[in-house]
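A short write-up of the structure that comes next.
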Amino acid sequence: MKLRLHFVVDPMGWLCISLVFGIWLYNTFFIPKLVLFPHYDEGHIPWALVVCYYIASALCVVALFRASTADPGRLPVDPHIPHSEREHWELCNKCNLMRPKRSHHCSRCGHCVRRMDHHCPWINNCVGEDNHWLFLQLCFYAQVLSLFTLVLDFCQYYYFQPLRRLDQERFTTRHELALLRISALMGVVMFGGMSSLFYTQMNGILSDMTTIEKMSQFSSETYGSKRSWQWALAEVCGTRWKLLWLLPLRSRQPLQASHHYRSHV
1 MKLRLHFVVD PMGWLCISLV FGIWLYNTFF IPKLVLFPHY DEGHIPWALV VCYYIASALC
61 VVALFRASTA DPGRLPVDPH IPHSEREHWE LCNKCNLMRP KRSHHCSRCG HCVRRMDHHC
121 PWINNCVGED NHWLFLQLCF YAQVLSLFTL VLDFCQYYYF QPLRRLDQER FTTRHELALL
181 RISALMGVVM FGGMSSLFYT QMNGILSDMT TIEKMSQFSS ETYGSKRSWQ WALAEVCGTR
241 WKLLWLLPLR SRQPLQASHH YRSHV
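Here the sequence shown stands for residues 1 to 265, numbered as in the numbering used here.
This is the structure:
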């Protein structure tokens with residue numbers, strides 16, 4: 001598997017992605033420390049719950065890393081344009097380079113991106129044809145992890161049995177209420193924001209419209225095209241295998257259109 005790393009030099013983007021990573025790190029450390037491990041040690045919860053939390057946490061941070069470092073579909077300076085596709089290319093009026101239709105120039109990154117959806121400061125990268133599926137995974141796993149965290153925060157005070165072995169001299173125990181309230185606040189903000197973003201992204205994928213095209217009232221021959229949700233997601237993720245849609249550690253290959261798949265899957 002060949003993974004190309006792509007970094008954007010933008011201090012504001014570095015700050016935004018650091019905040020997202022900080023929220024992930026806070027919950028990944030304090031939730032097991034205050035809730036999971038103590039209740040597991042006393043036999044209140046099964047080991048599977050602890051494993052599931054760490055799996056959700058790992059998938060979330062891997063999706064964040066891949067979405068922020070994957071090439072979104074940056075066009076080369078001297079692209080090779082097949083003769084049969086020249087009519088589908090146009091000249092960018094900002095960088096004066098040829099690009100496929102539906103590509104856009106990112107003023108922050110300084111280059112054109114194939115089927116660019118938007119530039120996201122929270123991953124310090126553009127969301128384009130080659131990393132849109134990773135951004136979708138990040139939104140999904142961030143929802144799962146934040147909801148998981150909220151449920152555990154709630155159960156800590158209203159469902160789980162009281163802990164028998166508590167060391168009140170320890171910092172984490174003495175400040176448990178404040179730490180979990182901060183965790184719950186972050187969970188509410190992340191779950192609300194990611195749910196809204198995930199819905200917007202899914203709506204755009206199913207309607208075959210990028211965020212930039214919606215904002216500019218762009219219309220094309222692909223807009224409003226009738227296709228199944230399976231085909232739309234398979235095209236974005238680069239595979240027809242649905243299980244692979246959820247795995248961030250893989251490479252994406254452009255999916256060849258199939259009339260049979262469009263109609264019957």
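Yeah, the Cβ is synthetic: ideal placement off N, Cα and C, and Gly gets one too.
Burial state of residue i (16 or more Cβ within 10 Å)
i, result
"V20", "buried"
"S7", "For clarity, residue 7 is Phe in the given sequence; the question names Ser instead. So F7 counts as exposed."
"P215", "Per the sequence shown, the amino acid found at residue 215 is Met instead of Pro. Counting Cβ neighbours within 10 Å, M215 comes out exposed, since fewer than 16 surround it."
"S196", "exposed"
"H88", "exposed"
"G13", "buried"
"W231", "buried"
"E85", "exposed"
"H80", "exposed"
"S57", "buried"
"E90", "exposed"
"L246", "exposed"
"G204", "buried"
"R108", "exposed"
"F148", "buried"
Range of the contiguous alpha helix (DSSP H) that encloses residue i
i, result
"R66", "47-69"
"H6", "That residue, H6, is in no alpha helix (DSSP H); it is neither H nor E in DSSP."
"P38", "37-41"
"W24", "11-31"
"M190", "176-207"
Minimum C-alpha distance to residue i - residue among the options
i, options, result
"D153", "P82, I31, H104, E90", "I31"
"S68", "M202, C139, W229, E235", "C139"
"V35", "C120, L244, Y158", "Y158"
"P76", "P46, C60, G110", "G110"
"A70", "L5, W122, S57, M209", "L5"
"E43", "R74, F160, R115", "Correcting the residue type first, residue 43 is Gly in the shown sequence and not Glu. Of R74, F160, R115, the residue nearest in Cα terms is F160."
"L15", "P121, T200, H39, P38", "P121"
"R240", "L206, F191, P162, L255", "L255"
Bounding residues of the beta strand (DSSP E) (the contiguous stretch that carries residue i)
i, result
"C139", "Premise fails: C139 lies in the alpha helix (DSSP H), 132-158, not in any beta strand (DSSP E)."
"N125", "125-127"
"W231", "No beta strand (DSSP E) holds W231; the alpha helix (DSSP H) holding it covers 229-237."
"V113", "111-113"
"E90", "89-91"
"M215", "Unbroken run through M215 is the alpha helix (DSSP H), 211-215; no beta strand (DSSP E)."
"M306", "Any answer about residue 306 is impossible in this case: the structure gives the chain only from 1 up to 265."
"C95", "No beta strand (DSSP E) contains C95, which DSSP labels as neither H nor E."
"H105", "104-106"
Beta-carbon separation (whole angstroms), residue i vs residue j, contact threshold 8 Å
i, j, result
"L150", "A63", "Going by Cβ atoms, the distance from L150 to A63 rounds to 19 Å, so no, they are not a contact pair."
"C237", "L243", "The Cβ separation is near 11 Å, so there is no contact."
"V9", "G73", "The Cβ separation is near 19 Å, so there is no contact."
"T211", "H118", "4 Å"
Answer yes if the stretch 94-104 comes into contact with the stretch 115-128, meaning at least three C-beta pairs across the two stretches below 8 Å, and no otherwise. Verdict: yes, contact present.
Kindly confirm or deny that the stretch 78-98 and the stretch 50-69 touch, where touching means at least three C-beta pairs closer than 8 Å. Under the 8 Å Cβ criterion, the stretch 78-98 does not count as touching the stretch 50-69, having fewer than three qualifying pairs.
Pair every Cβ in the stretch 180-194 with every Cβ in the stretch 23-42, then say whether three or more of these pairs are closer than 8 Å. The stretch 180-194 is in contact with the stretch 23-42.
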